[in-house]
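Trainee:
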Amino acid sequence: MAAVGEAPKQIIIIGGGITGLSAAFYMRKLLAGQQISAEITLVEKSSSLGGKIKTLRRDGFLIEQGPDSFMARKQPILDLTRELGLERELVAANPKAKANYILHKGRLHQMPMGLMLGIPTEVTPFIKTGLLSPLGKLRAAFDLWLPKRGTTGDESLGGFIERRLGREVLEQVTEPLLAGIYAGDAKALSLQATFPQFRQLEQRHRSLILGMLASKKQAREMPKELPEIARRSLFLTFKGGLGSLIERLDEQLSSIRRLTGQAVTEVRREGRRYQVRLEHGEELQADGVIMALPAYEAAVLLEESAEIQAQTQRQIQTLRDIPYVSVANIALAYRPQDIKLPLNGSGFVVPRSEGRMITACTWTSSKWLHTAPENHILLRAYIGHAGAQAWTKLTDRQLLDAVRQDLQAIMGITAEPLFTELTRWGRSMPQYPVGHLEQLAKLREGLAVSHPGLLLCGSGYEGVGLPDCIGQGRQAAEALLPFFKQ
10 MAAVGEAPKQ
20 IIIIGGGITG
30 LSAAFYMRKL
40 LAGQQISAEI
50 TLVEKSSSLG
60 GKIKTLRRDG
70 FLIEQGPDSF
80 MARKQPILDL
90 TRELGLEREL
100 VAANPKAKAN
110 YILHKGRLHQ
120 MPMGLMLGIP
130 TEVTPFIKTG
140 LLSPLGKLRA
150 AFDLWLPKRG
160 TTGDESLGGF
170 IERRLGREVL
180 EQVTEPLLAG
190 IYAGDAKALS
200 LQATFPQFRQ
210 LEQRHRSLIL
220 GMLASKKQAR
230 EMPKELPEIA
240 RRSLFLTFKG
250 GLGSLIERLD
260 EQLSSIRRLT
270 GQAVTEVRRE
280 GRRYQVRLEH
290 GEELQADGVI
300 MALPAYEAAV
310 LLEESAEIQA
320 QTQRQIQTLR
330 DIPYVSVANI
340 ALAYRPQDIK
350 LPLNGSGFVV
360 PRSEGRMITA
370 CTWTSSKWLH
380 TAPENHILLR
390 AYIGHAGAQA
400 WTKLTDRQLL
410 DAVRQDLQAI
420 MGITAEPLFT
430 ELTRWGRSMP
440 QYPVGHLEQL
450 AKLREGLAVS
460 HPGLLLCGSG
470 YEGVGLPDCI
480 GQGRQAAEAL
490 LPFFKQ
């Protein structure tokens with residue numbers, strides 16, 4: 010508790026995406042619980058809050074311009090949903106649209122049931138699939154006899170899958186599925202930073218397939234605190250779209266100071282406090298700072314701090330070097346008579362080998378029944394992944410034409426869409442390199458010495474999904490709280 014007459018503590022959160030908003034929400038809650046007098050200022054360089062979470066409502070359609078859902082059984086977002094009073098707004102994916110498809114030699118093939126990034130959890134569907142050759146299936150079966158890796162260091166996700174299941178599984182199944190999560194190159198992504206559970210399964214069960222079968226049995230025993238809707242669906246969203254989450258956070262945080270449309274140009278430590286300069290010249294003082302920024306933006310601010318030691322400077326450089334991939338999505342609205350292909354699933358993914366512009370297409374109105382008015386169809390096509398960024402130089406018209414050509418070739422759609430909505434996200438998807446978590450730990454150790462009370466969080470660090478970002482925002486608030494206690 011602050012002493013009588015003592016000025017309130019000043020906290021600055023840089024970044025108004027879901028991570029920064031979550032940090033502000035939990036920071037305010039924790040301070041109130043400890044009866045600590047403090048003022049929170051949230052600084053966001055764009056004109057609006059929410060980052061990549063943007064829900065467009067048009068002509069009765071509900072269009073997500075960023076992510077469209079979240080993993081149903083990840084606790085951080087379920088906790089936040091409950092605390093915001095949004096539990097009744099949760100919507101599950103259509104149970105009749107469980108089928109997923111993959112483009113293989115120009116034709117859509119249904120994905121075998123029970124496949125996790127190419128790892129089979131059900132044997133019969135895997136044996137029957139036409140996605141893999143007999144040799145590819147035989148090579149994947151070798152996983153049942155291969156020894157586990159002796160060393161414990163990090164490796165690439167692609168290297169791991171190829172080592173356990175073979176190249177065909179990696180290229181035909183894993184990589185196209187991965188494009189929808191990280192838009193990444195599996196052979197460059199860190200296993201420990203993306204799917205550490207795969208390494209754990211190998212170490213515990215030796216065989217990845219046997220480990221997945223065992224974990225599937227355990228998954229049936231769900232935690233009691235899970236809401237019923239999360240027990241019935243792998244993915245959830247909100248009736249009003251993911252934008253509902255941002256709107257409710259905005260309401261809850263109305264009492265804190267928000268500075269939008271201004272970027273932070275400098276963060277320096279003077280004595281026990283921080284000086285934070287904004288691009289319009291205003292300078293703020295803070296007792297604690299949370300940077301909820303892309304890694305490359307945080308690195309620029311940290312590199313200019315004279316207090317950073319040489320060793321930590323090297324870690325900051327690795328932070329700046331984390332690749333970010335640009336992606337885009339195009340929503341297209343149609344009438345039912347415009348599409349002859351039965352939309353009996355949630356959509357399809359496209360391997361690189363197919364040579365298409367799009368990496369995936371969600372049959373949005375089939376997967377989420379509330380997203381289109383009656384007798385209308387909503388699709389969403391995705392563009393961009395690591396190693397394929399030439400599209401960023403195309404005009405919107407060229408990009409739309411290329412996407413429509415792909416949809417005509419794959420789905421037979423020749424009709425003009427009722428409307429389209431194109432959204433570009435430049436440098437938006439971080440690609441965690443091998444050794445990422447180790448480098449991040451070293452950086453945080455260095456900052457704890459040179460910049461106590463300065464925390465890093467966001468999609469560039471420990472997970473790109475909404476639950477991961479919310480969890481990081483909460484952890485940053487919890488880590489900062491001790492700095493304000495007597």
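For the sequence shown, the residue numbers in my numbering are 10 to 495.
Glycine included, every Cβ here is placed at the ideal spot set by N, Cα and C.
Because the structure is a prediction, the values reported are computed rather than measured.
1) Is it true that the region 162-174 meets the region 184-199, where meeting means three or more beta-carbon pairs spaced less than 8 Å apart?
2) Go ahead and pull the three-state DSSP assignment for residue 11.
3) Can you give, in chain order, each stretch of the alpha helix (DSSP H) that sits fully within the region 20-73 and has at least 4 residues?
4) Residue 399: buried (16+ other C-beta within 10 angstroms of its C-beta) or exposed?
5) Could you tell me whether the region 139-147 touches the region 177-187, where touching means 3 or more Cβ pairs closer than 8 Å?
6) If you drop the 5 nearest sequence neighbours on each side, which residues of the same chain put their C-beta closer than 6 Å to that of residue 461?
7) Would you give the residue range spanned by the alpha helix (DSSP H) that residue 75 belongs to?
8) Determine the direct distance from the alpha carbon of residue 60 to that of residue 476, and round the result to whole angstroms.
9) Does residue 395 come out as helix, strand or coil in the three-state DSSP assignment?
10) Does the beta-carbon distance from residue 355 to residue 375 come in below 8 Å?
11) Would you tell me roughly how many angstroms separate the C-alpha atoms of residue 241 and residue 364, rounded to the nearest one?
12) Can you list the alpha helix (DSSP H) stretches of 4 or more residues lying completely in the region 115-156, in chain order?
13) Which residue's Cα is closest to the Cα of residue 141: 155, 112 and 345?
14) With DSSP run on the structure shown, which of helix, strand or coil describes residue 418?
15) Counting only the same chain and skipping the five closest in sequence on each side, list residues whose C-beta sits under 8 Å from that of residue 104.
16) Alpha carbon to alpha carbon, what distance is there between residue 32 and residue 332?
17) Taking 8 Å as the threshold, find out whether the region 280-293 comes into contact with the region 433-452 through three or more Cβ pairs.
18) Checking the sheet assignment: what are the DSSP bridge partners for residue 492?
19) Return the chain-ordered ranges of every alpha helix (DSSP H) run that is complete within the region 366-412 and spans a minimum of 4 residues.
20) For residue 265, which residues from the same chain have a beta carbon less than 8 Å from its beta carbon, with the 5 sequence-adjacent residues on both sides left out?
21) Can you name the residues that DSSP bridges to residue 111?
22) Is residue 93 helix, strand or coil by DSSP?
23) Distance, Cα to Cα, residue 237 vs residue 158?
24) Check the C-beta distance from residue 428 over to residue 337 and give it rounded, since I have them as a contact under 8 Å.
25) What would DSSP say about residue 294, mapped onto helix, strand or coil?
26) How many Å lie between residue 456 and residue 29 at the Cα?
27) Between which two residues does the beta strand (DSSP E) holding residue 334 run?
28) What residue range does the beta strand (DSSP E) around residue 284 cover?
29) Flag this pair as touching only if the region 60-78 and the region 380-397 have three or more C-beta atom pairs under 8 Å; answer yes or no.
30) Helix, strand or coil for residue 268, going by three-state DSSP, please let me know.
31) With which residues is residue 432 paired in a DSSP beta bridge?
32) What are the boundary residues of the beta strand (DSSP E) that residue 247 is part of?
33) Counting C-beta neighbours from all protein chains within 10 Å, is the total for residue 10 16 or more, i.e. buried, or is it exposed?
34) Which of the three DSSP states is assigned to residue 276 in this structure?
35) So, at 8 Å on beta carbons, what are the nonlocal neighbours of residue 312 in its own chain, with the 5 sequence-adjacent residues on each side left out?
Mentor: This is what the structure gives:
1) yes
2) Reliability fails at residue 11, whose pLDDT of 49 lies under 50, so the model's placement of it is uncertain and the value that follows must be treated cautiously. In this structure, residue 11 counts as coil in the three-state DSSP scheme.
3) Entirely contained in the region 20-73, the alpha helix (DSSP H) runs reaching 4 residues are, in chain order, 27-42.
4) By the 10 Å Cβ count, residue 399 comes out exposed.
5) Flag = yes, the region 139-147 and the region 177-187 touch.
6) none
7) Segment: none, residue 75 is in no alpha helix (DSSP H) and carries neither H nor E.
8) Distance between the alpha carbons of residue 476 and residue 60 is about 15 Å.
9) coil
10) Contact flag set, yes.
11) Spanning the two alpha carbons is a distance of roughly 36 Å.
12) 132-137 and 143-150
13) 112
14) helix
15) So the list reads 241 and 242, once near-sequence residues are dropped.
16) Each residue's Cα considered, the two are about 25 Å apart.
17) Cβ pair count under 8 Å is below three, so no.
18) The partner list for residue 492 (beta bridge, DSSP) is empty, contrary to what the question assumes.
19) 373-376
20) 33, 37, 48, 49, 50 and 51
21) 118 and 358
22) coil
23) 39 Å
24) The Cβ separation is near 17 Å, so there is no contact.
25) strand
26) 19 Å
27) It spans 333-343 - the beta strand (DSSP E) in which residue 334 sits, taken as one unbroken run.
28) 282-287
29) yes
30) strand
31) 338
32) Residues 244-247.
33) At residue 10 the pLDDT is 47, less than 50, meaning the model places this residue with poor confidence; the figure from the coordinates comes in the next sentence. Residue environment: residue 10 is assigned as exposed (fewer than 16 neighbouring CB atoms within 10 Å of its CB, all protein chains considered).
34) strand
35) 322, 325, 326 and 329
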